[in-house]
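Following this note's numbering, the numbering of the sequence shown begins with 604 at its first residue and continues without gaps.
Heads up: the structure comes next, in structure tokens.
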Amino acid sequence: MKILKGQTIVSGIALGKICTIFNEEEKTIPHYSILDSQIDIEIIRFNKGMDKARNQLQEYVEESYKTLDGNASKIFYSHYMILKDKNISSSIINSIKNNLINVEHAIYDVFENFIDLYRKKDMHFHELIHDFQDVRETLLNEFMNSDDDEPCPIPGKSPIIIVTKRLSPYMINDMFDKNVLAFVSEEGGFTTHASVLARSMGIPMMFNVPVTSFCNCNDFAIVDAENEKFILNPDNSTIKDYEIKVEVFKQNQEKYKSISKLPAKTKDNLNVDLKVNINLPNEIYLLKEHNFDGIGLLRTEFIFLGKTQPPSEDEQFQTYKKIVSLYKDKPVTIRLLDIGSDKTPAYLELPHQVNPDLGIKGARSVNYFKEIFMNQIKALIRAAEYGNLRILYPMVTDISDIKIFSGLIEEAKNELSLRNIKINQEIPIGAMIETPSAAIMIDQIIENVDFVNIGSNDLFQYTLAVSREHQDIYSSYPIFHPAVLRLIKMVVEKVTEKNKEVCLCGEIANIEEAYPLFLDMDLTSFSVSVSKHSVVKLKLSEIDKTKIQIVFDDFINKIRNENKN
Ligand code: PEP
Ligand code: MG
């Protein structure tokens, strides 16, 4: 059994055999040089292939209009228009002539130039990369011999989970009348056209799962898009547990839909602040379907990852501005870059550390990367003019760390004033409470910030001295360990005394069964994954706080390791 983590596009649970579609595009495309005398032949080949591809796309537009919703045919029409673009055709022909290369090579290069252009642009344009990849694939297919495709060993209309490197809208369209249980891909995005289609078909979907390294056609798997897990070759007891979960999920499906538009409340009408965690900027588009109380934690690491250099102040400003403007009336809590062992971009050169989790993290990294933090803070202060932005400090241990970050904010404000930029002096500031020291020193910390977030993932790691990366040892302790719960309780009491907000935003907030316990601890603010928002809201609506009777140890034993991994 192997558990792989990923990102949910469409929530749900599915169990079944997998069919792998690993398209090794780059490897199979023929690249060769041609002679001057062969140019005309290549151009004739190109024109024929282009005509066929356009015709095929036209068919997709018409067919999908009949079978899928309007979204699908609009998507295929936009792809058709890319192929109609004269600029693209002439660039391919020029590349054949000038570089003396075969048509497939020229198509690949010309599309790659567009893809590269969009890679360098703002996040919004990144989704266009997928469109250009999809159209290139369709066009190249006209030149390739697809007879050597391995036949899928799973017969006809048997239910299958499609596992692929990259999912295109064409694959989804072609699967329309097949019995697809779920889609899982290695690459992708929240707003790619493939995701848009999967969402309108209501089929569970995950991406960012490293499937190509582990999956084989015909393997058995569980897609738990509710908890962002892909379980390959599960053992019998896991299968049994999940068969029950699938039943419960099916029964609750309608209830999730209807509650998603309502405010979060308990059965006895206690208002609960139910926010969402955002890990990738485009995830915000999934929020349209939810009535949520703001973004409780926006992890900014992903804006910094996958690049060769840190994003500039302006680039970050555009990203943050877009997010806060989209949800103007709701608090958007943006955490400063959390440099840690698991999510450090390669361009941030850190000295070798024997134990990085106990090394250069949080405020301790400011000395190493001051300019990067300053650019981020300046971008955030500028974006705060466009909505309800709050800044969250990552891992702090005591007020000296708070002072380091607050010093940067003052410096950034001064610099922006010198540039005559309008500054909001009232940006709320919060701190992550995720070290035992911060929890113990909470009475001092809370005097210096406006709100706190409890990061139970790291609080668990540091309290029990067990690395988050060490699954075996991590799993040997109950996730609701009394030591962690006592620290959380202490923080809640001290912060509530000061009438300030304390929000639980670690992974345990996604475990709906634990809400009687959280409410009993007087927590009323939570931030959960988008995929769990309605699930938690439904659970809250079933709890009567006045009737909660929890025997702490019983509760801990009951959900002891159920939610690990
Ligand atoms: C946490 O530690 O609980 C948390 C929310 O932060 P991250 O998981 O990003 O470290
Ligand atoms: Mg953390």
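We put the beta carbon where it would ideally sit given N, CA and C, even for glycine.
{"Check": "Validate contact between the region 797-817 and the region 606-614 using beta carbons, cut 8 Å, 3 pairs", "Outcome": "yes"}
{"Check": "Bridge partner(s) assigned by DSSP for MET1035", "Outcome": "ASN1056"}
{"Check": "Residues near ILE678 by beta carbon distance below 6 Å, same chain, minus five either side", "Outcome": "PRO772 and HIS796"}
{"Check": "Under 8 Å between C-beta atoms of ASN1056 and ILE1036", "Outcome": "yes"}
{"Check": "CB contact check: GLU715 to chain B, cutoff 8 Å", "Outcome": "No chain B is part of this structure, which consists of one protein chain only."}
{"Check": "Contact between the region 1060-1076 and the region 1113-1124 (3+ Cβ pairs under 8 Å)", "Outcome": "no"}
{"Check": "Span of the beta strand (DSSP E), counted from its first residue to its last, around ASN782", "Outcome": "Looking at the DSSP string, ASN782 is not in any beta strand (DSSP E), and its letter there is neither H nor E."}
{"Check": "The ligand PEP heavy atom lying under 7 Å from the CB of ASN1060", "Outcome": "yes"}
{"Check": "Nearest-angstrom beta carbon gap, LEU742 and LEU686 [assumed within contact, 8 Å]", "Outcome": "7 Å"}
{"Check": "Exposed unless 16 or more other CB atoms sit within 10 angstroms - verdict on ILE834", "Outcome": "buried"}
{"Check": "Among ASN874, LEU983 and ASP871, the one whose alpha carbon lies nearest that of PRO914", "Outcome": "LEU983"}
{"Check": "Check whether SER939 and GLN979 have beta carbons under 8 Å apart", "Outcome": "Note that residue 939 is Leu in the sequence shown here, rather than Ser. For LEU939 and GLN979, yes; Cβs fall inside 8 Å."}
{"Check": "Residues bridged to TYR996 (per DSSP)", "Outcome": "ALA1034"}
{"Check": "Environment of ILE1076 [buried if 16+ CB atoms lie within 10 Å]", "Outcome": "exposed"}
{"Check": "With 16 other Cβ atoms within 10 Å as the buried cut-off, status of ASN830", "Outcome": "buried"}
{"Check": "Separation of GLU1145 from ASN1166, as counted between CA atoms", "Outcome": "Caution applies to ASN1166, whose pLDDT of 49 falls short of 50 and renders its modelled position unreliable; the value that the coordinates give is listed next. Distance between the alpha carbons of ASN1166 and GLU1145: 21 Å."}
{"Check": "Unbroken beta strand (DSSP E) run spanning ILE975, endpoints", "Outcome": "Run containing ILE975: none in the beta strand (DSSP E); it sits in the alpha helix (DSSP H), 973-986."}
{"Check": "Limits of the unbroken beta strand (DSSP E) element including GLU1104", "Outcome": "1104-1107"}
{"Check": "Chain-order list of residues whose beta-carbon lies under 8 Å from that of ASP1046 (same chain, five-residue window excluded)", "Outcome": "LYS1097"}
{"Check": "Element boundaries [beta strand (DSSP E), containing ILE612]", "Outcome": "610-613"}
{"Check": "ARG967 beta carbon near the ligand PEP (any heavy atom closer than 7 Å)", "Outcome": "no"}
{"Check": "Proximal residues to GLU850 (C-beta, below 6 Å), its chain only, five neighbours per side dropped", "Outcome": "none"}
{"Check": "Validate contact between the region 782-792 and the region 762-770 using beta carbons, cut 8 Å, 3 pairs", "Outcome": "yes"}
{"Check": "Beta strand (DSSP E) segment containing PRO954, residue limits", "Outcome": "Taken as a continuous stretch (DSSP letters only), PRO954 belongs to no beta strand (DSSP E), as it is neither H nor E."}
{"Check": "Boundaries of the beta strand (DSSP E) in which PHE810 is found, first to last residue", "Outcome": "808-810"}
{"Check": "Inter-residue Cα distance where the pair is PRO1039 and LEU1090", "Outcome": "7 Å"}
{"Check": "C-beta contact flag for LEU890 and LEU995 at 8 Å", "Outcome": "no"}
{"Check": "C-alpha distance - GLU629 paired with THR815, whole-angstrom precision", "Outcome": "Note on GLU629: pLDDT 48, under 50, position unreliable in the model; the coordinate value appears next. Taking the straight line joining both Cα atoms gives about 15 Å."}
{"Check": "Option nearest HIS634 by Cα separation, candidates ILE704, GLY965 and GLU645", "Outcome": "ILE704"}
{"Check": "Contact check, SER1132 vs VAL1087, beta carbons under 8 Å", "Outcome": "no"}
{"Check": "Cβ-Cβ separation, ASP719 to HIS682 (assumed contact under 8 Å), whole Å", "Outcome": "So it is not a contact: roughly 19 Å between Cβ atoms."}
{"Check": "Beta-carbon gap between MET1044 and ALA1015 smaller than 8 Å", "Outcome": "no"}
{"Check": "Cβ shell of LYS964 (< 7 Å), same chain only, five flanking positions each side left out", "Outcome": "ILE942, GLY943 and MET998"}
{"Check": "For ILE616 and ASP838, believed in contact at Cβ under 8 Å, the rounded distance", "Outcome": "Their Cβ separation, rounded to whole angstroms, is 17 Å, which puts ASP838 and ILE616 out of contact at 8 Å."}
{"Check": "Coarse secondary structure for VAL969, derived from DSSP in three states", "Outcome": "coil"}
{"Check": "Cβ-based burial, ILE1024 [other Cβ within 10 Å; buried from 16]", "Outcome": "exposed"}
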